[in-house]
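To convert, count from 1 in the sequence shown and add 938; that's our numbering. Note that the Cβ used here is the ideal one computed from N, Cα and C, for glycine as well.
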Amino acid sequence: MQYTLKKSLGQHFLHDEQMCKKIVAQITHSSDMRLVEIGPGGGAITKYLLNWKDIELKLIEVDDEKVDYLKHTYPQLEDKIIHQDVLKASKPFDTSFSIIGNFPYNISSPIMFLVYDWEDQVQEVIGMFQKEVAQRIASKSGSKVYGILSVLMQTFFDIEYLFD
């Protein structure tokens, strides 16, 4: 089963297996944790998360083709996929959770504003962002890219720029 890249959805796929492993390795893994993957696409990160048997995993994906692909390739995800636009989704869990993802470039900033709305439950966010968005999130006061996104994220979260 094949799938296609949809630039209209800001899709960019990770093909670097080492980078996928590095991203997953950054999550603070604990037993009985709840984890949401935003924009799993073809499952580049997802396949590594499936090795963690002691987590409650949910995936939020808007693209019909990717949802079908994920269900076909990873049948164990059938009841874990929220087939919806993440920006219109309700909180995926009633209690605390972490977020991981290779975030769609065209909605990376709106996703971070959503994280801000959910800040009372979000424990951590690990993800791949467009470089400019990552720089805005991590920028310090006085930087020319410092702005509302920097202030909000740094007020509620400890920000660390992990990879360049």
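query = Which term fits ILE1075, buried or exposed, when burial requires 16 or more other beta carbons within 10 angstroms of its beta carbon?
reply = Locating residue 1075 in the sequence shown gives position 137, where the first residue counts as 1. With 16 or more other Cβ atoms within 10 Å, it is buried.
ask   = Do the stretch 1091 to 1098 and the stretch 1050 to 1067 meet, that is, are 3 or more Cβ pairs less than 8 Å apart?
value = yes
ask   = By a C-beta neighbour count over all protein chains shown, 10 Å radius and 16 as the cutoff for buried, is VAL1089 buried or exposed?
value = Taking the sequence shown and counting its residues from 1, the one referred to as residue 1089 is at position 151. With fewer than 16 other Cβ atoms within 10 Å, it is exposed.
query = Does DSSP put GLU955 in a helix, a strand or coil?
reply = Sequence index remark: in the sequence shown, residue 955 carries index 17 (1-based). DSSP places GLU955 in helix when its eight states are reduced to three.
Delimiting residues of the alpha helix (DSSP H) encompassing HIS1010 = In the sequence shown, the residue the question calls residue 1010 occupies position 72. Looking at the DSSP string, the run of the alpha helix (DSSP H) that includes HIS1010 is 1002 to 1011.
ask   = What's the C-alpha gap between THR1011 and SER1079?
value = As a working mapping, residue 1011 is identified with position 73 in the sequence shown. As a working mapping, residue 1079 is identified with position 141 in the sequence shown. One C-alpha to the other measures close to 45 Å.
request  = Within the same chain, show all residues whose beta-carbon is closer than 7 Å to that of GLN1068, passing over the 5 residues directly before and after it, in chain order.
outcome  = Against the sequence shown, residue 1068 aligns to sequence position 130. Correct list, in chain order: TYR1043, SER1046.
task = Please say whether GLN964 and LEU1087 have beta carbons closer to each other than 8 Å?
result = Along the sequence shown, one-based indexing puts residue 1087 at 149. Along the sequence shown, one-based indexing puts residue 964 at 26. Cβ distance not < 8 Å, so LEU1087 and GLN964 don't count as in contact.
message = As a quick exercise: from MET957, LYS996, TYR1007, pick the residue whose alpha carbon is nearest that of GLU975.
response = Counting from 1 along the sequence shown, the entry for residue 975 is found at position 37. Out of MET957, LYS996, TYR1007, LYS996 has the C-alpha closest to the C-alpha of GLU975.
request  = Inspect the beta-carbon positions of GLY979 and LYS1018 and report whether they are closer than 8 Å.
outcome  = Counted from its first residue, the sequence shown places residue 979 at position 41. Counted from its first residue, the sequence shown places residue 1018 at position 80. No, they are not a contact pair.
query = What residues are listed by DSSP as bridge partners for GLU1098?
reply = Taking the sequence shown and counting its residues from 1, the one referred to as residue 1098 is at position 160. DSSP lists no partner for GLU1098.
Cα-Cα separation, ILE1162 to PHE1041 = Given a span of 939 to 1102 for the chain in the structure shown, any question on residue 1162 remains unanswerable.
request  = Classify ASN1040 as helix, strand or coil using the three-state DSSP reduction.
outcome  = Indexing the sequence shown from 1 puts residue 1040 at position 102. If DSSP states are grouped into helix, strand and coil, ASN1040 belongs with the strands.
key: Spatially closest choice to PHE1035 from CYS958, LEU973, LYS959, by CA coordinates   = Within the sequence shown, numbered from 1, the residue matching residue 1035 stands at position 97. It is LEU973.
request  = Using three-state DSSP, classify LEU973 as helix, strand or coil.
outcome  = For the purposes of this step, residue 973 is identified with residue 35 of the sequence shown, where counting begins at 1. LEU973: strand per DSSP, three-state reduction.
task = Compute the minimum distance between the beta carbon of GLU955 and the heavy atoms of the ligand HEM, and state whether it is under 7 Å.
result = This structure simply doesn't include the ligand HEM, nor any ligand for that matter.
inquiry  = Let me confirm a value: ASP1001 is counted as buried when at least 16 other C-beta atoms fall within 10 Å, else exposed. Which label applies?
reply    = Taking the sequence shown and counting its residues from 1, one reaches residue 1001 at position 63. When all chains shown are included, ASP1001 counts as buried.
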